[in-house]
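Everything on this sheet refers to the single structure shown next.
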Amino acid sequence: MRIVIVGAGPAGLYFALLMKRQDASHEVTILERDGPDDTFGWGIVFSDQTFDYLRESDAPSYAAITGACEKWDNVDIVHRSERISVRGNRFSGVARIRFLNILQDRCRELGVDLRFHQPVTDLPALPRCDVLVGADGANSTVRRMREPLFQPTIEHGRNKYIWLGTPKLFHGLTLTFVDHPTGVYAAHSYRFDSATSTFIVECSEATWRAARLDAMGEQETCAWLEEIFRDHLGGQPLLTKNFVKWLNFPLVRNARWYGDDVVLLGDALHTAHFSIGSGTKLALEDAIVLSQAFARAQTSAAALPLFEEMRRPRVEQYQQAAMDSLRWFEQMGEYMHLAPLAFAVEAMTRSKRVDVEKLKQRDPVFAARAAEFLTGDQEIKSALGLDKRSGDQENL
Ligand SMILES: Cc1cc2nc3c(=O)[nH]c(=O)nc-3n(C[C@H](O)[C@H](O)[C@H](O)COP(=O)(O)OP(=O)(O)OC[C@H]3O[C@@H](n4cnc5c(N)ncnc54)[C@H](O)[C@@H]3O)c2cc1C
1 MRIVIVGAGP AGLYFALLMK RQDASHEVTI LERDGPDDTF GWGIVFSDQT FDYLRESDAP
61 SYAAITGACE KWDNVDIVHR SERISVRGNR FSGVARIRFL NILQDRCREL GVDLRFHQPV
121 TDLPALPRCD VLVGADGANS TVRRMREPLF QPTIEHGRNK YIWLGTPKLF HGLTLTFVDH
181 PTGVYAAHSY RFDSATSTFI VECSEATWRA ARLDAMGEQE TCAWLEEIFR DHLGGQPLLT
241 KNFVKWLNFP LVRNARWYGD DVVLLGDALH TAHFSIGSGT KLALEDAIVL SQAFARAQTS
301 AAALPLFEEM RRPRVEQYQQ AAMDSLRWFE QMGEYMHLAP LAFAVEAMTR SKRVDVEKLK
361 QRDPVFAARA AEFLTGDQEI KSALGLDKRS GDQENL
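The numbers in the sequence shown follow this note's numbering, run straight up by one, and end at 396.
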C-alpha cells in the first residue's frame, strides 16, 4: 500500500511507524513543512494510561519515551497563595521536541520516508497513493482544501492563552490563580525535564485588554506576567520560543472524517483544550486505531469507515470533557471568592468527569479534608454538588 501523510506531528509520525511495523512493504511518506528540530510549544503532559497503549503498540518507542519523561502524581491548586495538593493523578511530562525526535528516529529505523521542509499547498501535486492522511494539525491545509468533504466547524475559546517556559521547576501539574486589579490570571505549569517547566497563561479577553497585553511585545509581555506571578516563579524568568503570540484555543470538529481515500488524524480532525492534557494522547490513539482498522480491513474503502466507527464515540467524550474544562477556565472569576479548599474541589471536578468517589480513590487525605469541611460549609457543599458528575476518564 502507498501511504502519504501530511504533517510530522505525533499523529502522522505514530501512524507511519505503526503501518511500517504492520507490513514493511507499505510505502509510507511523510511531508512536513518544518525541520526535524523545529517545534512549537514546550513540554507536554500525558496521563499514565496513555503509556499502556504505547507499550502494546510499539515497545521500542515506548521505552525511549518513558525514559525521557518526568513523572509525578500530584495536581497542585494554588489560590490566594495557598497550595492544595491532590495526589493520585498519574502524569508524565516530556519536552515536545524530545518526544517528536524519538518518533522520528523510530520512523527512520523502520524505513519511513521522512521529508522535512516540504510545505504542502496543493493536494493534486502530491505523490499518488492509496490513502492520504491529513495529520497537519489544527490549521490543517488538507482539511481546508477538502472543506466540502469534511464539513469542519471551528469555534474559538473566549480566553486568551500564551505558551511559555520557565527554569522554575514545578513538581506536579500546578494550576496557579492570581486575582489582580486587571482581572484573573491562571497558569498551567509543570516540569518536563531537569531544567525547564511549561508555563501556559490564560485570562479573559477583558483582562488581556485591561492589562494592555494586546499592545505588548515579547519582553514586555514576559515582564508583565513575571510580575503577576512573582510570588510563584521564585524570581525565575519566563521564556519564549519563536515568540508565540496570545491565541484563542481553536475547537475543531468535522462532520465527516474521511472520503475519497483521504482521512484526517489528530488535531486536524479534533482538538481538546490543553487544560485536560489530552491532545497528544488523542492524536496517538487515532494513529493506533487507524492502523488497527487497516489491519482488519486492508483497503481504504473498508478501513476508513471502520476507523470512524471505532474512534468517534471516544473522541466526542473527550471533547465534551475538554469543553467543560475550557468553559470552567472562562468562568474562573466566578469561583475566586471561594476558600482555597472549596476552590480546589471546584477546579479538580471542572471537567465533570472526576467525582467525589474518584477523588477518594486518588487521594483519601484530600477527600477527607474536603468532607470534613463539607458538613459545615455551604460553599464546599455546592462545590461538591457532584452527584451528577461521574465518568470513566482517568485524569481529566
Ligand atoms: C498551549 C497548548 C498546550 C498543550 N499541551 C498539551 C499537553 O500537555 N498534552 C497533550 O497531550 N497535548 C497538549 N496539547 C495539544 C497537542 O499539542 C496537540 O493535540 C498535538 O500536537 C496534536 O498532534 P498532531 O500530530 O495532530 O498535530 P501537530 O502536533 O500540530 O502536528 C502537525 C504537523 O503538521 C505540520 N504541518 C502543518 N501544515 C502543514 C503543511 N501544509 N504541509 C506540511 N506540514 C504541515 C506542522 O508543522 C506539524 O509538524 C497542547 C496544545 C496547546 C495549544
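Idealized CB from N, CA, C, for every residue including glycine. These numbers come from a predicted model, not from an experiment.
- Note on Ile154: under 16 other CB atoms within 10 angstroms of its CB, so exposed under the neighbour-count rule.
- Inter-residue distance for Thr66 and Asn74 is about 18 Å (C-alpha atoms, whole angstroms).
- Straight through space, the alpha carbons of Leu132 and Gly266 are spaced by roughly 14 Å.
- Counting along the chain, Phe274 sits inside no beta strand (DSSP E), nor does DSSP assign it H or E at all.
- Counting only unbroken stretches of 4 or more residues, the alpha helix (DSSP H) elements lying wholly within the region 289–350 are 300–330 and 340–348, in sequence order.
- Secondary structure at Trp257: coil, using DSSP grouped into helix, strand and coil.
- The region 131–180 is shown to contain whole beta strand (DSSP E) runs of 3 or more residues at 131–134, 152–166 and 173–180, in chain order.
- Residue state for Ala210 is assigned as helix, using DSSP reduced to three classes.
- Collapsing the DSSP output to three states places His117 in coil.
- Inclusion of Gly111 and Gly7 in the CB contact set at 8 Å is not warranted, their separation being larger than that value.
- In the three-state scheme derived from DSSP, where H, G and I count as helix and E and B as strand, Pro250 is classed as strand.
- Non-local beta-carbon contacts of Val28 in its own chain, meaning distances under 6 Å to residues more than five positions away in sequence, involve Ile3, Ala16, Met19, Lys20 and Val112 in chain order.
- C-alpha of Leu123 to C-alpha of Met145: approximately 8 Å in a straight line.
- The closest heavy atom of ligand 1 lies 7 Å or more from the beta carbon of Ala322.
- Straight-line measurement puts the Cα of His232 at about 45 Å from the Cα of Gln292.
- One Cα belongs to Leu264, the other to Trp246, and the distance between them is close to 27 Å.
- Remark: C-beta atoms of Thr121 and Gly165 do not approach each other more closely than 8 Å.
- About 13 Å separates the beta carbons of Ile102 and Ala59, which is beyond the 8 Å limit, so they are not a contact pair.
- The three-state secondary structure of Leu126, taken from DSSP, is coil.
- For Phe46, the shortest C-beta to heavy atom distance toward ligand 1 is below 7 Å.
- Nearest Cα to Tyr53 within the set Tyr14, Asp23 and Gln331: Tyr14.
- In the structure shown, His232 falls within a helical segment according to DSSP collapsed to helix, strand and coil.
- For Phe15, the enclosing alpha helix (DSSP H) starts and ends at Pro10 to Gln22.
- Residue pairing by DSSP places Thr29 opposite Val4 and Asp113 in a beta bridge.
- If you compare the alpha carbons of Gly234, Val142 and Pro10 with that of Ala283, the shortest gap goes to Pro10.
- Taking a C-beta distance under 8 Å as the contact criterion, Ile30 and Gly43 do not qualify as a contact pair.
- Beyond the five residues adjoining it in sequence on each side, Ile276 comes within less than 7 Å, by CB distance, of Ala321, Ala322, Ser325, Ser351 and Leu396 in the same chain, given in chain order.
- In the three-state scheme derived from DSSP, where H, G and I count as helix and E and B as strand, Gly183 is classed as strand.
- With a cutoff of 7 Å, Asp260 does not count as near ligand 1, since its C-beta is closer than that to no heavy atom of the ligand.
- In the DSSP assignment, no residue is bridged to Ala268.
- Within a 10 Å sphere around the beta-carbon of Val365 sit fewer than 16 other beta-carbons, which makes this residue exposed.
- Distance between Ile228 and Phe307, taken at the CA atoms: about 46 Å.
- Your pair His273 and Gly157 checks out as a contact, with CB atoms roughly 7 Å apart and the cut at 8 Å.
- Arg209 and Pro181 have their C-alpha atoms roughly 12 Å apart.
- In the three-state reduction of the DSSP assignment, Arg362 falls in the helix class.
- In this structure, the CA atom of Phe170 is about 13 Å from the CA atom of Val94.
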